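Step one of this worksheet: look at the structure below.
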Amino acid sequence: MKAEEAKDSATSPEVRKIPPPADGDNIAVKEFKAVDEASYDREAQRKEHTRTERVKA
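Residues 45 to 101 in my numbering are what the sequence shown lists, from first letter to last.
Next up, the structure:
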């Protein structure tokens with residue numbers, strides 16, 4: 045097969061754009077909030093520990 049005969053798959057008519065998720069994608073929103081809340085809670089616990097240790101010193 046020659047290079048001229050090879051087709052680029054990016055320009056092929058079979059390639060279709062995938063639509064973004066709908067705005068009402070509740071699963072993604074819930075996952076984002078859960079991750080955000082968990083990281084917020086860890087940060088709050090770490091800061092509270094730091095404050096407590098400063099008071100003890």
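The C-beta atom is built at its ideal place from N, Cα and C for all residues, glycine as well.
None of these values were measured; they are calculated from a predicted model.
Euclidean distance between Cα positions of residue i and residue j
{"i": "D85", "j": "E58", "result": "47 Å"}
{"i": "I71", "j": "T94", "result": "35 Å"}
{"i": "I62", "j": "V73", "result": "20 Å"}
{"i": "K100", "j": "R90", "result": "16 Å"}
{"i": "P92", "j": "R60", "result": "Note that residue 92 is Glu in the sequence shown, not Pro. Their Cα atoms are separated by approximately 51 Å."}
{"i": "A82", "j": "E97", "result": "23 Å"}
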